[in-house]
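*Asks:*
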Amino acid sequence: MGIYVITGASSGIGAKTAEILRERGHEVVNIDLKDGDIEANLATKEGRAGAIAELHERYPEGIDAMICNAGVSGGKVPISLIISLNYFGATEMAKGVRDLLEKKGGSCVITSSNSIAQGAARMDVAGMLNNQADEDRILELVKDVDPAVGHVYYASTKYALARWVRRMSPDWGSRGVRLNAIAPGNVRTAMTANMLPEQRAAMEAIPVPTHFGEEPLMEPIEIANAMAFIASPEASGINGVVLFVDGGTDALLNSEKVY
Ligand SMILES: NC(=O)c1ccc[n+]([C@@H]2O[C@H](COP(=O)([O-])OP(=O)(O)OC[C@H]3O[C@@H](n4cnc5c(N)ncnc54)[C@H](O)[C@@H]3O)[C@@H](O)[C@H]2O)c1
239 MGIYVITGAS SGIGAKTAEI LRERGHEVVN IDLKDGDIEA NLATKEGRAG AIAELHERYP
299 EGIDAMICNA GVSGGKVPIS LIISLNYFGA TEMAKGVRDL LEKKGGSCVI TSSNSIAQGA
359 ARMDVAGMLN NQADEDRILE LVKDVDPAVG HVYYASTKYA LARWVRRMSP DWGSRGVRLN
419 AIAPGNVRTA MTANMLPEQR AAMEAIPVPT HFGEEPLMEP IEIANAMAFI ASPEASGING
479 VVLFVDGGTD ALLNSEKVY
């Protein structure tokens, strides 16, 4: 059985993924702000460094999977938190444990979002994250941005994550580590429950083909099953993929985009 590390597994999609991995007999390590096996604030450099050091201390022989899932959206979340947690909290954690994944021929999964398929992401923000990647400088640039446009910055961080996965996966693959992203649709979790009425209305306007006629929300288990699969050795041929788990919403919105 494997050692699966997952961030943000005290709630929502992460909690469900951790539950099914444990049911399958794996050792699961939840890194979270609260109620984690390792407690760390992944929006900070210190929090990430502490968690990475702890993993090296506990698992010198390596780990089988790293699922970088913690993220924020909904409500009036500061733009700086969206940038630091969603983008750097995932990419820096992934980079920080790659050596542990290499020891076991492991797999890394990053939680993106199907908001990247809805045209909400700003390419200049996503480009800044992917190409400049200096966290302090970027936080300085966004310090006066109104949280009311948080959804745009959210989609931008998730777009940048998906592109980071595509760019990095050939190199990671050549080192024996698969790197993929999951892009969930809207899911019934604390994140969507915390949305402001206008954010909720915008979300509910987006149909999910498998859920026509119902509230357009997926259940955490639908995402967790895909996450557990792509992280596992059963997905050994899958690398560099951004897997939409959104009931077909991406296909509905972008049916001409086949590649
Ligand atoms: N729910 C959705 O509709 C949806 C859709 C697409 C993508 N996603 C993504 O899925 C992931 C999980 O979201 P969810 O809906 O399960 O949300 P959630 O709010 O239920 O869970 C998020 C988890 O992250 C943890 N967390 C928050 N801030 C943290 C920090 N600074 N350091 C460490 N951990 C922290 C929380 O404690 C919580 O356990 C996120 O990356 C989110 O962007 C969610």
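Residue numbers for the sequence shown follow the numbering used here, so the first one is 239 and each next one is one higher. Backbone N, C-alpha and C define an ideal beta-carbon position, used for all residues, glycine too.
In whole angstroms, give me the CA-to-CA distance for glutamate 373 and proline 447.
*Replies:* Translated into the one-based positions of the sequence shown, residue 373 becomes position 135. Translated into the one-based positions of the sequence shown, residue 447 becomes position 209. Distance between the alpha carbons of glutamate 373 and proline 447 is about 38 Å.
*Asks:* How would you call glycine 246, buried or exposed, if buried means at least 16 neighbouring beta carbons within 10 angstroms?
*Replies:* By 1-based counting over the sequence shown, the position of residue 246 is 8. Buried, because 16 or more other Cβ atoms sit within 10 Å of the Cβ of glycine 246.
*Asks:* Is it the case that the CB of proline 458 approaches a heavy atom of ligand 1 more closely than 8 Å?
*Replies:* Here residue 458 is taken as the residue at index 220 of the sequence shown, counted from 1. Checking the Cβ of proline 458 against ligand 1 gives yes.
*Asks:* So for proline 454, helix, strand or coil by DSSP?
*Replies:* Taking the first residue of the sequence shown as 1, we reach residue 454 at position 216. Residue state, collapsed to three classes: coil.
*Asks:* To the nearest angstrom, how far is it from the Cα of methionine 304 to the Cα of serine 407?
*Replies:* In the sequence shown, residue 304 corresponds to position 66, counting from 1. In the sequence shown, residue 407 corresponds to position 169, counting from 1. Straight-line Cα distance between these residues: approximately 14 Å.
*Asks:* When you compare the stretch 416-429 with the stretch 332-351, are there three or more beta-carbon pairs, one atom per stretch, that lie closer than 8 Å?
*Replies:* Verdict: yes, contact present.
*Asks:* If you measure from the CB of glycine 485, is any heavy atom of ligand 1 nearer than 8 Å?
*Replies:* To locate residue 485, count along the sequence shown from 1; it is residue 247. Answer for glycine 485: no, Cβ out of range of ligand 1.
*Asks:* Buried or exposed for alanine 428, going by 16 or more other Cβ atoms inside 10 Å?
*Replies:* Locating residue 428 in the sequence shown gives position 190, where the first residue counts as 1. Exposed: under 16 other Cβ atoms inside 10 Å.
*Asks:* I need the DSSP call for alanine 308, collapsed to helix, strand or coil.
*Replies:* If you number the sequence shown from 1, residue 308 lands on position 70. Coil, per DSSP.
*Asks:* First and last residue of the beta strand (DSSP E) that includes leucine 417?
*Replies:* One-based indexing of the sequence shown puts residue 417 at position 179. 416-422 is the span of the beta strand (DSSP E), which, as asked, contains leucine 417.
*Asks:* What residues in its chain sit with their C-beta under 8 Å from that of isoleucine 320, if we drop five residues either side in the sequence?
*Replies:* Locating residue 320 in the sequence shown gives position 82, where the first residue counts as 1. So the qualifying residues of the chain are Val310, Ser311, Gly388, Tyr391, Tyr392 and Thr395.
*Asks:* Among Ala281, Gly252, Asp484 and Tyr497, which has the Cα closest to the Cα of asparagine 268?
*Replies:* As a working note, residue 268 is residue 30 in the sequence shown. For asparagine 268, the nearest C-alpha among the options comes from Gly252.
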